[in-house]
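>
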Amino acid sequence: MLTALGLSPSGRAADFTVDLKRADCQLRMDGEIVAGDFDKFRKKLPRDYPPIEMGPTLCLNSPGGDFVEGLNIARFVSGGISTSIAAGNACESACGWIFLAGLSRNRAGTELSRTMDARATLSFHAPYIDPDKAATAAATPTTSGSLDLKASIQAYNQAVGEIGRDLLALAQKYATLDVSQPLVPPTLLAEALVKVGKDKLLVNTTGSAIRWSIRVTGYKGLVPRTKADVVRACITASALADQFWDDGFLSASSHEEYLAHYDSGSRTLVAEVVVSGIKGIACELEFNFADDLASLNGDITVRANVELDESVTRTWIRDRYGPKLISLPDFGVLDPKTPLKDLPAAAGKPIDPRSLATVQGPAWCAARTTRSKDEEAICASGKLSLYDVLLTRYYGEAIGKGGNSARSKLESEQRTWLEWRRACADDGDCLEAAYHLRIKQMKDRLDDASGVRIGHP
Numbered sequence: 001m002l003t004a005l006g007l008s009p010s011g012r013a014a015d016f017t018v019d020l021k022r023a024d025c026q027l028r029m030d031g032e033i034v035a036g037d038f039d040k041f042r043k044k045l046p047r048d049y050p051p052i053e054m055g056p057t058l059c060l061n062s063p064g065g066d067f068v069e070g071l072n073i074a075r076f077v078s079g080g081i082s083t084s085i086a087a088g089n090a091c092e093s094a095c096g097w098i099f100l101a102g103l104s105r106n107r108a109g110t111e112l113s114r115t116m117d118a119r120a121t122l123s124f125h126a127p128y129i130d131p132d133k134a135a136t137a138a139a140t141p142t143t144s145g146s147l148d149l150k151a152s153i154q155a156y157n158q159a160v161g162e163i164g165r166d167l168l169a170l171a172q173k174y175a176t177l178d179v180s181q182p183l184v185p186p187t188l189l190a191e192a193l194v195k196v197g198k199d200k201l202l203v204n205t206t207g208s209a210i211r212w213s214i215r216v217t218g219y220k221g222l223v224p225r226t227k228a229d230v231v232r233a234c235i236t237a238s239a240l241a242d243q244f245w246d247d248g249f250l251s252a253s254s255h256e257e258y259l260a261h262y263d264s265g266s267r268t269l270v271a272e273v274v275v276s277g278i279k280g281i282a283c284e285l286e287f288n289f290a291d292d293l294a295s296l297n298g299d300i301t302v303r304a305n306v307e308l309d310e311s312v313t314r315t316w317i318r319d320r321y322g323p324k325l326i327s328l329p330d331f332g333v334l335d336p337k338t339p340l341k342d343l344p345a346a347a348g349k350p351i352d353p354r355s356l357a358t359v360q361g362p363a364w365c366a367a368r369t370t371r372s373k374d375e376e377a378i379c380a381s382g383k384l385s386l387y388d389v390l391l392t393r394y395y396g397e398a399i400g401k402g403g404n405s406a407r408s409k410l411e412s413e414q415r416t417w418l419e420w421r422r423a424c425a426d427d428g429d430c431l432e433a434a435y436h437l438r439i440k441q442m443k444d445r446l447d448d449a450s451g452v453r454i455g456h457p
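Under full-length UniProt numbering, the sequence shown has 209 at position 209, and the numbering climbs by one with no breaks.
1) Going by beta carbon distance, what residues of the same chain come within less than 7 angstroms of Arg119, once the five residues before and after it are set aside?
2) Between Ser372 and the rest of its own chain, which residues show a CB-CB distance below 7 angstroms, the 5 nearest in sequence each way excluded?
3) Can you list, in chain order, the residues of its chain with a C-beta nearer than 8 angstroms to that of Val34? Leave out the 5 residues immediately preceding and following it.
4) Just list the beta strand (DSSP E) runs in the stretch 290-351, keeping only unbroken ones of 3 residues or longer that don't cross its boundaries, in chain order.
5) Using C-beta distances below 8 angstroms, list every residue in its chain close to Cys379, excluding the 5 sequence neighbours before and after it, in chain order.
6) For Asp388, which residues of its own chain have a beta-carbon under 6 angstroms away from its beta-carbon, when the five flanking residues on both sides are left out?
7) In whole angstroms, what is the alpha-carbon distance linking Arg303 and Asp39?
8) Sorted by chain position, which residues of the same chain lie with C-beta nearer than 7 angstroms to Asp117's C-beta, five sequence neighbours on each side aside?
9) Just grab the DSSP bridge partners of Phe287 for me.
10) Suppose you measure from the CA of Ala434 to the CA of Tyr258; what does that come to, to the nearest Å?
11) If we ignore side chains and look at the alpha-carbon of each, how far apart do Asp352 and Pro329 end up?
12) May I ask you to report which of helix, strand or coil DSSP gives Asn72?
13) Could you give the distance in angstroms between the alpha-carbon of Arg47 and the alpha-carbon of Leu20?
14) According to DSSP, is Cys91 part of a helix, a strand, or is it coil?
15) Please return the same chain residues whose Cβ sits closer than 7 angstroms to the Cβ of Ser144, not counting the five positions on each side in sequence.
16) Rounded to the nearest angstrom, what separates Lys44 and Leu71 at their Cα positions?
17) Check His436 in the structure and name its three-state DSSP category.
18) Please list the segments of the alpha helix (DSSP H) lying wholly inside the stretch 180-213, counting only runs of 4 or more residues, in order along the chain.
19) Would a C-beta distance cut-off of 8 angstroms place His436 and Asp309 closer than the cut-off?
20) Which class does Leu45 belong to by DSSP, given the choice of helix, strand or coil?
21) Would you mind stating whether Ile235 and Val270 have Cβ atoms separated by less than 8 angstroms?
22) Return the CA-CA distance between Asp426 and Ser266, expressed in angstroms with no decimal places.
23) According to DSSP, is Ser144 part of a helix, a strand, or is it coil?
24) Would you mind working out which of Asp447, Ser238, Gly197, Gln172 sits nearest Gly322, comparing C-alpha positions?
25) Between the beta-carbon of Pro224 and the beta-carbon of Leu356, is there less than 8 angstroms?
26) Alpha carbon to alpha carbon, how far is Met29 from Asp37?
27) Can Gln172 and Ser213 be called in contact, C-beta distance under 8 angstroms?
28) List the whole-angstrom C-beta distance separating Phe331 from Thr206, where the pair is believed to meet the contact cut-off of C-beta under 8 angstroms.
29) Is the distance from the Cβ of Asp292 to the Cβ of Ser327 below 8 angstroms?
30) Between Thr83, Pro350, Ala94, Ala290, which has its C-alpha nearest Cys25's C-alpha?
31) What is the rounded straight-line gap between the Cα of Ile210 and the Cα of Ala228?
32) List the whole-angstrom C-beta distance separating Ala233 from Leu285, where the pair is believed to meet the contact cut-off of C-beta under 8 angstroms.
33) Assign Leu168 to one of two classes, buried (16 or more other C-beta atoms within 10 Å of its C-beta) or exposed (fewer than that).
34) Going by beta carbon distance, what residues of the same chain come within less than 7 angstroms of Pro350, once the five residues before and after it are set aside?
35) Taking only the alpha-carbon atoms, compute the straight-line gap between Tyr128 and Ser113 and give it to the nearest angstrom.
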């Protein structure tokens, strides 16, 4: 096998340990990757080894080394082994591709499963091939005793082709049936391959971890603390949805419209945001706060690029990109340039989510002792409560701007719509669609009354 060397090898061959009874780090790799390590790794596993039901975890601490050998290990890991880098440990060069291959098995199939501590080091660069070793592997002595130049070039090209073929095979593998989640994101691969010599592509910011679907641990948790944090999460989610990771776009922080409702019962903040100066970029975000209000229960759910027919804001949305559901880690509320190492100090601080709300819940929720099924569902949902309050506001404005005839028609339409809403019972999707339709109708009425599109001159 032709040797492809990583950057700054430690000189200590990798050591593999296996203990499938451990709760975590059932597999470990420490040290430089050298030729033969894949076979050494396999021999450490039981002969009839299959990944355990949820998949074991391979904990990595390596400066890299033999690139081809690293890709062999990565290919094996992609069969259903999670990867992890602990605090203070590093995974660089060839090790990085092993890390990216991390997948976990579950009953539904497989999913990306690669986690690094905020204080760990993860880096990539183009593979380095030692020309002398590549030549020695295939060249034959000439009559003068020197190595044949043609054979040396062929050996070098063979090494490059072998690495490229193996790396492409790994890059083309997908985590699930969702083809938007390759093991090796194309942008990471492209940026890594232009890093040569001692130049490294570091995954060391919150933005890089989000962009390349890498889970980060080692901190207590983050929550949005200002409206600007909520808007920033919208912008980051939109960049992720549209694969438009531009510094100018990501640095935007102002909003044209911001509407939010906080449900203290479910501790859920629902926000509707339209970003200033970027027509077509709008989001619906949900933050579910933990009991201590210092962290979130799960990821931030963002419906990025909300379409015109689904926008509940007053600003007129022009279509630009298709809508997409995005899950952001809690640090999606931070500037994407925030260093990962700063997360522990920034985390674990509680906030009163009511400070982020601009809309109170429907007044009738507290006033009515008896409610129909649709009313119960609305009062129990922060999102539907927000829709109801906004529809009431827009409906009131439309009634106020119309004459007697127009007012009578609107009231009749509203009664018909309420019957339709009631027919949804407690079906959340049905209720959401009903509100989207009626809110759009009210916005169109207000447009007709003013003679301009709302939000445009």
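Glycine included, every Cβ here is placed at the ideal spot set by N, Cα and C.
Reading it off the structure:
1) Counting from 1 along the sequence shown, the entry for residue 119 is found at position 119. Contacts found: Ala87, Gly88, Gly218, Lys341.
2) As a first step, residue 372 is located in the sequence shown; it is residue number 372 there, counting from the start. Only Arg422 meet the Cβ criterion.
3) In the sequence shown, the residue the question calls residue 34 occupies position 34. Same-chain partners within the cutoff: Ala13, Ala14, Gly65, Asp66, Glu69.
4) 300-304, 324-328
5) Walking along the sequence shown from the start, residue 379 turns up at place 379. Answer for Cys379: Gly361, Pro362, Cys365, Arg371, Ser385, listed in chain order.
6) By 1-based counting over the sequence shown, the position of residue 388 is 388. Answer for Asp388: Pro362, Ile378, listed in chain order.
7) Looking up residue 303 in the sequence shown gives position 303. Looking up residue 39 in the sequence shown gives position 39. If you take the alpha carbons of Arg303 and Asp39, they lie about 46 angstroms apart.
8) Your numbering for residue 117 matches position 117 in the sequence shown. Excluding positions up to five away in sequence, the list reads Ile85, Ala86, Ala87, Thr217, Gly218.
9) Locating residue 287 in the sequence shown gives position 287, counting from the first residue. Answer is Leu269, bridged to Phe287.
10) Indexing the sequence shown from 1 puts residue 434 at position 434. Indexing the sequence shown from 1 puts residue 258 at position 258. Cα-Cα distance, rounded: 22 angstroms.
11) Counting from one through the sequence shown, the residue named residue 352 turns up at place 352. Counting from one through the sequence shown, the residue named residue 329 turns up at place 329. Approximately 20 angstroms between the Cα atoms of the pair.
12) Mapped onto the sequence shown, residue 72 falls at position 72. DSSP places Asn72 in helix when its eight states are reduced to three.
13) On the sequence shown, position 47 is the one that residue 47 refers to. On the sequence shown, position 20 is the one that residue 20 refers to. Those two C-alpha atoms are separated by around 13 angstroms.
14) Here residue 91 is taken as the residue at index 91 of the sequence shown, counted from 1. Here Cys91 sits in strand by DSSP.
15) The residue you call residue 144 lines up with position 144 of the sequence shown. Only weak support is given to the placement of Ser144: the predicted model assigns it a pLDDT of 49, under 50, and the value that follows is read from those uncertain coordinates. Taken in chain order, the list of residues that qualify is empty.
16) Counted from its first residue, the sequence shown places residue 44 at position 44. Counted from its first residue, the sequence shown places residue 71 at position 71. The straight-line gap from Cα to Cα measures roughly 18 angstroms.
17) The residue given as residue 436 occupies position 436 in the sequence shown. Note: His436 maps to helix in three-state DSSP.
18) 186-192, 206-211
19) The sequence position of residue 436 within the sequence shown is 436, counting from 1. The sequence position of residue 309 within the sequence shown is 309, counting from 1. Going by C-beta atoms, His436 is nearer than 8 angstroms to Asp309.
20) Here residue 45 corresponds to residue number 45 of the sequence shown, with the count starting at 1. Coil, per DSSP.
21) Walking along the sequence shown from the start, residue 235 turns up at place 235. Walking along the sequence shown from the start, residue 270 turns up at place 270. Not in contact: Ile235 and Val270 (Cβ atoms no closer than 8 angstroms).
22) Counting from one through the sequence shown, the residue named residue 426 turns up at place 426. Counting from one through the sequence shown, the residue named residue 266 turns up at place 266. The alpha-carbon atoms of Asp426 and Ser266 are separated by roughly 17 angstroms.
23) Looking up residue 144 in the sequence shown gives position 144. With a pLDDT of 49 at Ser144, under the threshold of 50, the modelled position of this residue cannot be trusted; read the value that follows with caution. Correct three-state label for Ser144: coil.
24) Counted from its first residue, the sequence shown places residue 322 at position 322. The shortest Cα separation from Gly322 among Asp447, Ser238, Gly197, Gln172 belongs to Ser238.
25) Here residue 224 refers to the residue found at position 224 when the sequence shown is read from its first residue. Here residue 356 refers to the residue found at position 356 when the sequence shown is read from its first residue. Cβ atoms of Pro224 and Leu356: closer than 8 angstroms.
26) Position 29 of the sequence shown holds residue 29. Position 37 of the sequence shown holds residue 37. Each residue's Cα considered, the two are about 10 angstroms apart.
27) As a working mapping, residue 172 is identified with position 172 in the sequence shown. As a working mapping, residue 213 is identified with position 213 in the sequence shown. No, these two residues do not count as a Cβ contact at 8 angstroms.
28) Taking the first residue of the sequence shown as 1, we reach residue 331 at position 331. Taking the first residue of the sequence shown as 1, we reach residue 206 at position 206. About 4 angstroms separates the two Cβ atoms, so the contact holds.
29) For the purposes of this step, residue 292 is taken as residue 292 along the sequence shown, with counting starting at 1. For the purposes of this step, residue 327 is taken as residue 327 along the sequence shown, with counting starting at 1. The answer is no: Cβ separation not under 8 angstroms.
30) Here residue 25 is taken as the residue at index 25 of the sequence shown, counted from 1. Nearest C-alpha to Cys25: Thr83.
31) By one-based count along the sequence shown, residue 210 stands at place 210. By one-based count along the sequence shown, residue 228 stands at place 228. Each residue's Cα considered, the two are about 19 angstroms apart.
32) Numbered from its first residue, the sequence shown carries residue 233 at position 233. Numbered from its first residue, the sequence shown carries residue 285 at position 285. Confirmed, about 6 angstroms.
33) Stepping through the sequence shown from its first residue, residue 168 is reached at position 168. So Leu168 counts as exposed.
34) Sequence index remark: in the sequence shown, residue 350 carries index 350 (1-based). Cβ within range, chain order: Asp292, Leu293, Ala294.
35) As a position in the sequence shown, residue 128 is number 128, starting the count at 1. As a position in the sequence shown, residue 113 is number 113, starting the count at 1. C-alpha separation (whole angstroms): 27 angstroms.
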